[in-house]
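Taken in order, these protein sequences are the chains called V and B.
According to my numbering, the first sequence is numbered sequentially starting from 4.
According to my numbering, the second sequence is numbered sequentially starting from 4.
One structure below.
2 protein chains.
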Amino acid sequence: MPRCLNLTRAGEYAIAALSRLALEADGAAGAPVPVEELAALQGLPRDFLAKILGRCARAGLVRTKKGKDGGVSLARRPEDIPLLDVIQACEGSYRRDACVFYASRPCDGPECVVYCPLRREEEGLRSALGRRTLAEMSRALGVHPDARGAARKGEAPWKAC
Amino acid sequence: MPRCLNLTRAGEYAIAALSRLALEADGAAGAPVPVEELAALQGLPRDFLAKILGRCARAGLVRTKKGKDGGVSLARRPEDIPLLDVIQACEGSYRRDACVFYASRPCDGPECVVYCPLRREEEGLRSALGRRTLAEMSRALGVHPDARGAARKGEAPWKAC
């Protein structure tokens, strides 16, 4: 399935899952959400999600708590987590490192005498993803038709933490 | 090697090769450049380049001519070839088709009540790549240190068409 930006599923699932954590926490530091519950809320495969969340934990984006009341929660406020950080935690550096014209040559970026149009647009996207935050994504998720039908509080079939 | 935009090598090689054709043609309809020569000029693998050029030909971006004086040339003026067309010719549709939040749901794009920030940035990039053309890329290539050292006219070791 082609994707604009060509994000892998890891990057997309991370954004969906962390947006959900932000929505559940309602802007504050939320109680941990069990991975099973998070997976069910967003329709994500549980084991793959756990792996992705491990990458996010290593990048300092989420905290995980083991045990009966354990789960995962955001390590920072949603407005302090840029989408770029989430993407890079899961997909590695999201920066051009080879020249567009000569693949064997490194890209010198803005220092390059060429600084070609493609590189400029990539940098524009990178900057934009560095400004956009999980807080914005959680607000978008909050008005999503599917999210509203699967609100955690009240009707969830699983035990809330 | 991670790449911003995560373009595959096919998309990048196509942009490099077609930028070179634009540079060689110097804004006009140029004589065909043999694929071997184009590959050597940009340091690209010949067979893979031929495959990529086949995709570009099917997309109406280049013309190929067989025979002794054959080769490949741009089918339109460089200023009439958006980078997005080159990328899509080689990589397929560069448009989001699944919801960021729920992968099993299609993305409704600007019609969606959510129209999330990630989708907006993707669309911004897509629009920008639709405006940027091969003419801009060929001007950038024209001042590239490596390109200047490998100018086709005069010092090329291969027979010009």
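The beta-carbon is built from N, C-alpha and C at its ideal position, and this holds for glycine as well.
May I ask you to report which of helix, strand or coil DSSP gives residue i?
| i | result |
| --- | --- |
| Arg-134(V) | helix |
| Leu-77(V) | strand |
| Val-117(B) | coil |
| Val-89(B) | helix |
| Ala-101(B) | strand |
| Val-38(B) | helix |
| Pro-148(B) | helix |
| Ile-84(V) | coil |
| Leu-10(B) | coil |
| Gly-127(B) | helix |
| Asp-29(V) | coil |
| Leu-47(V) | coil |
| Ser-96(B) | coil |
If residue i and residue j are in contact, beta carbons under 8 Å, what's the gap, nearest whole angstrom?
| i | j | result |
| --- | --- | --- |
| Thr-136(V) | Leu-86(V) | 7 Å |
| Leu-56(B) | Thr-67(B) | 7 Å |
| Val-65(V) | His-147(B) | Their Cβ separation, rounded to whole angstroms, is 43 Å, which puts Val-65(V) and His-147(B) out of contact at 8 Å. |
| Ala-138(B) | Glu-82(B) | 4 Å |
Closer than 7 Å by C-beta to residue i: which residues in its own chain qualify, once you throw out the five before and the five after it? Chain order, please.
| i | result |
| --- | --- |
| Gln-45(B) | Ala-19, Ala-20 and Arg-23 |
| Leu-52(B) | Tyr-16, Ala-20, Val-38, Leu-41 and Ala-42 |
| Arg-58(V) | Ala-92 and Cys-93 |
Could you tell me the distance, in whole angstroms, from the CA atom of residue i to the CA atom of residue j?
| i | j | result |
| --- | --- | --- |
| Lys-54(V) | Gly-14(B) | 30 Å |
| Glu-124(B) | Leu-41(V) | 26 Å |
| Phe-104(B) | Tyr-16(V) | 8 Å |
| Ala-150(V) | Leu-144(V) | 6 Å |
| Asp-50(B) | Ala-60(B) | 15 Å |
| Ala-25(B) | Arg-108(V) | 21 Å |
| Arg-80(V) | Arg-134(V) | 14 Å |
| Cys-7(B) | Arg-98(V) | 5 Å |
| Pro-35(V) | Gly-74(V) | 4 Å |
| Glu-126(V) | Val-89(V) | 17 Å |
| Leu-128(B) | Leu-128(V) | 7 Å |
| Gly-95(V) | Arg-122(V) | 18 Å |
| Ile-84(V) | Arg-142(V) | 14 Å |
| Ala-106(B) | Pro-48(V) | 11 Å |
In this structure, what does DSSP give as the bridge partners for residue i?
| i | result |
| --- | --- |
| Thr-67(V) | Val-75(V) |
| Pro-109(V) | Ala-101(V) |
Among the residues of its own chain, which have a CB less than 6 Å from the CB of residue i, if the five just before and after it don't count?
| i | result |
| --- | --- |
| Cys-115(V) | none |
| Cys-102(B) | Arg-108 and Cys-110 |
| Lys-71(B) | none |
| Ala-163(V) | Here Ala-163(V) scores only 31 on pLDDT, less than 50, and its place in the model is too uncertain to base an answer on. |
Given residue i, which residues of its chain have a CB within under 8 Å of its CB, disregarding the five upstream and five downstream residues?
| i | result |
| --- | --- |
| Cys-119(B) | Val-103 and Phe-104 |
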